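**Student:** So that we are looking at the same thing, I have put the structure below in structure tokens.
Protein chains in written order, with the numbering used here: chain R, 4 to 379; chain A, 4 to 379.
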């Protein structure tokens, strides 16, 4: 993997870059649509590529391990081939899902024992087998196995957890270095900074993570319920330590406003279920603000969802039609809303990149944050 | 509307034709995907056109009247514009839905009083207002308001119902002739033959319907639970009376086998929820037979859904991936299965047409009926 910084904003820490992977180049800052179980919910793969402009998508190690399972993924020649997506894929390690979804967790130094949220079967994830699983999945970017602490989290627990995450990282790196890609292309491994909302822990963790000298770095354990100011404060602390020449990935973030603010702090990569999950609830993000498409006020509104909209969901249909689909509980409503929201997120980071290169990012960001946070 | 018969099969009553409407030409025999509430469930409009090869879709008067309602459809300039579908549309009159979905029905000579299945509000459908509604919807082909008798149905009830349907047809025709298209193009009206499974009633009804001399004719009240032999027997009786120079539409039919057999009896047009509804339940129709994609036997099968499949659902994905999507309850599974099934139905009628023109339809049909009725 190679990362090249093309442009740095003069009035913030924002950067425009290019990330080269075995499955193509990603222009940063980038938003990565979440395809948990080998599909970005309600969206066709060719729509991700051609309509939405996705350059990389996420898969989830925990979900894919359970379903469809590694046997068929390996037989298919990896996740790219199984789901017919030929651009880059990043796999989350499953650390977050083990804590948020599974039952009967026992976290030990060796790894995590837990029960599958699907059938209750007993499973044991370790740094080593999570690396092996991601080798089989074949993601371009693999994530270290970590513990993602909840919010709020006591200092002592956060510290202990962070220290274990660091020890696990060492084991991840060892296993990663002992193995290689199964499908004839290289994979890379990103470590994850933890430390909850404690500045000194975040500093310690960022320093440790930076020392591992991997090809990119991630920040985890944020956007888990803490106030946005805490998230930005931690992100700023961590970004001041993580090496600037490597891509920085802020995991699980966030609203359009969160993304713009975090780009200003030096973040290059984002993922979040918000654009797709909210779409399925009728919450649409637009360049003018956000709307609840189920609201009666759109009943007779024949204007497009977003005048700046880049997808066919915006070009071909009206708010009134989309509202009708939601009211009638039609699947097409979920499809169009998901395409629109993802298209908007990709448009937003592309615009951010343009403005970083043009040198007026900070000014544009201030205006745009206000706009996207308006309820229409 | 114009109908031209291009070719007649030598060994059956099958015909290949062309139906010219204000929104384009339809090659018959044709299958019309059902878009009840202004969307073919889980399928994008451009997929209907470009992937599936749909030449005409259905809307439903009852559903569209309730949601989104006539005001916004009229404001949009008709259903074609509201849903962004520029090819022909046929609207079912809602007669069937009034009987199958609504509550508290009172059928009188004047019309049907009933309660909306959505909010219980009291409604009154008459032949006249159903014509007016279809004028506002703007379908290329409007359907007469009829009573669709259930199966089984006593002779006396079937006879009385048929006679009322005939009187209602007269009123439909009068209102249709008194009004005109609202959006600058012509619409046409198809009457519906009823008479349950009673040969003499079907003969009487077909004779009456034929006498009205409308531009096309439909057969209703079949595929409502009667044995397939009864359906074919009634279809044969009716087709022997309906004028051969006009298109014949067998409403609500059916399985791939039903469609092929009915083409052989002289039917030109079909609609059915089966390809879409069954798709959403994981039942796939293929040129080799039908499969339940949820079955464990497909878990590691990387072959395409249908080797003859014409859509990207067939070209880009495996049975194993589609099964995974169903097992994981992913919306994309419903999307791909719906596209595949509709693509198969459209492929089937297109093949039928080719074989009618080539002169070997009867032979091909016998072989194909066996194939499509095989459980894989």
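Cβ atoms here follow ideal geometry from the backbone N, Cα and C, with glycine treated the same way. What you are looking at is a predicted structure, and each value in this text was computed from that prediction instead of being measured.
Do residue 146 of chain A and residue 189 of chain A have their C-beta atoms closer together than 8 Å?
**Tutor:** For the purposes of this step, residue 146 of chain A is identified with residue 143 of the second chain, where counting begins at 1. For the purposes of this step, residue 189 of chain A is identified with residue 186 of the second chain, where counting begins at 1. No, the Cβ-Cβ distance between residue 146 of chain A and residue 189 of chain A is not below 8 Å.
**Student:** Please list the terminal residues of the continuous beta strand (DSSP E) segment that includes residue 7 of chain A.
**Tutor:** Numbered from its first residue, the second chain carries residue 7 of chain A at position 4. Here the beta strand (DSSP E) through residue 7 of chain A covers 5-11.
**Student:** For residue 142 of chain R and chain A, any beta-carbon pair shorter than 8 Å?
**Tutor:** By 1-based counting over the first chain, the position of residue 142 of chain R is 139. Answer no: the Cβ-Cβ gap between residue 142 of chain R and chain A never drops below 8 Å.
**Student:** Enumerated in chain order, which unbroken segments of the beta strand (DSSP E) with a length of 3 residues or greater are wholly contained in the stretch 55-88 of chain A?
**Tutor:** Runs of the beta strand (DSSP E) inside the stretch 55-88 of chain A: 60-63.
**Student:** By DSSP, does residue 206 of chain A sit in helix, in strand, or in coil?
**Tutor:** The residue labelled residue 206 of chain A in the question sits at position 203 within the second chain. Residue 206 of chain A: helix per DSSP, three-state reduction.
**Student:** For residue 368 of chain R, tell me which candidate among R:296, R:261, R:319, R:282 has the shortest Cα-Cα distance.
**Tutor:** Position 365 of the first chain holds residue 368 of chain R. When each option's Cα is compared against that of residue 368 of chain R, the closest is R:261.
**Student:** Less than 8 Å between CB atoms is the rule here; does residue 36 of chain R satisfy it with respect to chain A?
**Tutor:** Taking the first chain and counting its residues from 1, the one referred to as residue 36 of chain R is at position 33. Closer than 8 Å: no.
**Student:** Consider the Cβ of residue 312 of chain A: report whether some Cβ of chain R lies at a distance smaller than 8 Å.
**Tutor:** Position 309 of the second chain, counted from the first residue, corresponds to residue 312 of chain A. No, no contact with chain R.
**Student:** For residue 71 of chain A and chain R, any beta-carbon pair shorter than 8 Å?
**Tutor:** For the purposes of this step, residue 71 of chain A is taken as residue 68 along the second chain, with counting starting at 1. Yes - at least one Cβ of chain R is within 8 Å of the one on residue 71 of chain A.
**Student:** Just the C-alpha distance for residue 131 of chain R and residue 345 of chain R, rounded to the nearest angstrom, thanks.
**Tutor:** Within the first chain, the letter at position 128 stands for residue 131 of chain R. Within the first chain, the letter at position 342 stands for residue 345 of chain R. If you take the alpha carbons of residue 131 of chain R and residue 345 of chain R, they lie about 34 Å apart.
**Student:** Report yes or no: do the stretch 268-285 of chain R and the stretch 33-51 of chain R share at least 3 C-beta pairs separated by less than 8 Å?
**Tutor:** Contact between the stretch 268-285 of chain R and the stretch 33-51 of chain R is present, because at least three Cβ pairs lie under 8 Å.
**Student:** State whether the stretch 105-123 of chain A contacts the stretch 41-58 of chain A, with contact taken as three or more CB pairs (one from each stretch) at a distance under 8 Å.
**Tutor:** Segments in contact, no.
**Student:** Quick check on residue 64 of chain R - is its C-beta less than 8 Å from some C-beta in chain A?
**Tutor:** For the purposes of this step, residue 64 of chain R is taken as the residue at position 61 of the first chain. Not closer than 8 Å to any Cβ of chain A, the Cβ of residue 64 of chain R fails to qualify, so no.
**Student:** Does residue 163 of chain A have its Cβ less than 8 Å from a Cβ in chain R?
**Tutor:** On the second chain, position 160 is the one that residue 163 of chain A refers to. With 8 Å as the cut-off, residue 163 of chain A does not count as an interface residue toward chain R.
**Student:** Tell me, please, whether the stretch 229-249 of chain R touches the stretch 22-30 of chain R by the rule of three or more beta-carbon pairs shorter than 8 Å.
**Tutor:** Cβ pair count under 8 Å is below three, so no.
**Student:** Enumerate in chain order the residues of its own chain whose CB-to-CB distance from residue 356 of chain A is below 8 Å, with the five nearest sequence positions on each side excluded.
**Tutor:** On the second chain, residue 356 of chain A is found 353 positions in, with the first residue counted as 1. Within the same chain, residue 356 of chain A has close Cβ partners 19, 30, 31, 32.
**Student:** Report all residues from its chain with a CB closer than 6 Å to the CB of residue 99 of chain A; omit the five preceding and five following residues, and keep chain order.
**Tutor:** In the second chain, counting from the first residue as 1, residue 99 of chain A sits at position 96. So the qualifying residues of the chain are 151.
**Student:** Check the Cβ-Cβ distances between residue 324 of chain A and every residue of chain R, and say whether any is below 8 Å.
**Tutor:** For the purposes of this step, residue 324 of chain A is taken as the residue at position 321 of the second chain. Judged by the 8 Å Cβ criterion, residue 324 of chain A is in contact with chain R.
**Student:** Take residue 169 of chain A as the anchor and find which of A:195, A:373, A:108, A:235 has the nearest alpha-carbon.
**Tutor:** Taking the second chain and counting its residues from 1, one reaches residue 169 of chain A at position 166. Nearest of A:195, A:373, A:108, A:235 to residue 169 of chain A, Cα basis: A:195.
**Student:** Looking at C-alpha atoms only, which residue of R:283, R:366, R:64, R:74 is the closest neighbour of residue 334 of chain R?
**Tutor:** On the first chain, position 331 is the one that residue 334 of chain R refers to. Closest option to residue 334 of chain R, Cα to Cα, is R:283.
**Student:** In chain A, which residues lie with their C-beta within 7 Å of the C-beta of residue 85 of chain R?
**Tutor:** Residue numbering aside, residue 85 of chain R sits at position 82 when the first chain is read from its first letter. Chain A residues near residue 85 of chain R: 324.
**Student:** Between the C-alpha atoms of residue 255 of chain A and residue 298 of chain A, what's the straight-line distance to the nearest angstrom?
**Tutor:** Here residue 255 of chain A refers to the residue found at position 252 of the second chain. Here residue 298 of chain A refers to the residue found at position 295 of the second chain. Approximately 28 Å between the Cα atoms of the pair.
**Student:** So which residues on chain R does residue 25 of chain A lean against when the C-beta distance must stay under 9 Å?
**Tutor:** Residue numbering aside, residue 25 of chain A sits at position 22 when the second chain is read from its first letter. Ordered by position in chain R, no residue passes the 9 Å Cβ test against residue 25 of chain A, which lies about 21 Å from the chain.
**Student:** On the DSSP bridge assignment, give the partners of residue 220 of chain R in chain order.
**Tutor:** Position 217 of the first chain holds residue 220 of chain R. BP columns for residue 220 of chain R point to R:251.
**Student:** Taking 8 Å as the CB-CB cut-off, is residue 49 of chain R touching chain A?
**Tutor:** Walking along the first chain from the start, residue 49 of chain R turns up at place 46. Yes, residue 49 of chain R counts as interfacial toward chain A.
**Student:** Check whether the Cβ atoms of residue 87 of chain A and residue 74 of chain R lie closer than 8 Å to each other.
**Tutor:** Taking the first residue of the second chain as position 1, residue 87 of chain A is located at position 84. Taking the first residue of the first chain as position 1, residue 74 of chain R is located at position 71. For residue 87 of chain A and residue 74 of chain R, no; Cβs fall outside 8 Å.
**Student:** Going residue by residue through the stretch 244-307 of chain A, where are the continuous alpha helix (DSSP H) segments of at least 4 residues, counting only ones entirely within it?
**Tutor:** Taking only runs of at least 4 residues, the alpha helix (DSSP H) segments lying wholly in the stretch 244-307 of chain A are 259-267, 277-283.
**Student:** Over what stretch of residues does the beta strand (DSSP E) that includes residue 126 of chain A continue unbroken?
**Tutor:** Indexing the second chain from 1 puts residue 126 of chain A at position 123. Residue 126 of chain A -> beta strand (DSSP E) spans 125-128.
**Student:** Within 10 angstroms of its Cβ, does residue 103 of chain A collect 16 or more other Cβ (buried), or is it exposed?
**Tutor:** The residue given as residue 103 of chain A occupies position 100 in the second chain. Exposed, because fewer than 16 other Cβ atoms sit within 10 Å of the Cβ of residue 103 of chain A.
**Student:** For chain R, is any of its Cβ atoms less than 8 Å away from the one on residue 42 of chain A?
**Tutor:** Along the second chain, read from residue 1 onward, the residue named residue 42 of chain A stands at position 39. Yes, residue 42 of chain A lies at the interface with chain R (some Cβ there is under 8 Å from its Cβ).
**Student:** Contact criterion: CB-CB distance below 8 Å. Does residue 320 of chain A meet it with respect to chain R?
**Tutor:** What you label residue 320 of chain A is simply residue 317 of the second chain in a count that begins at 1. Cβ-Cβ to chain R under 8 Å: yes for residue 320 of chain A.
**Student:** If you compare alpha carbons, which of A:93, A:310, A:68, A:340 is closest to residue 280 of chain A?
**Tutor:** Here the question's residue 280 of chain A lines up with position 277 in the second chain. Measuring from the Cα of residue 280 of chain A, the nearest candidate turns out to be A:340.
**Student:** At 7 Å on the CB atoms, spell out the chain A contacts of residue 328 of chain R, in chain order.
**Tutor:** Position 325 of the first chain, counting from 1, holds the residue named residue 328 of chain R. The answer, in chain order, is 42.
**Student:** Using a cut-off of 7 Å between C-beta atoms, extract the partners of residue 305 of chain A located in chain R.
**Tutor:** Numbered from its first residue, the second chain carries residue 305 of chain A at position 302. Ordered by position in chain R, the residues that pass the 7 Å Cβ test against residue 305 of chain A are 78, 79.
**Student:** Cutting at 7 Å between CB atoms, please list the residues of its own chain near residue 329 of chain A, excluding the five before and the five after it.
**Tutor:** In the second chain, residue 329 of chain A corresponds to position 326, counting from 1. So the qualifying residues of the chain are 285, 296, 297, 336.
**Student:** Who are the near neighbours of residue 7 of chain R in its chain, counting only those whose CB is closer than 7 Å to its CB and skipping five residues on each side?
**Tutor:** The residue labelled residue 7 of chain R in the question sits at position 4 within the first chain. Here the set comprises 20, 21.
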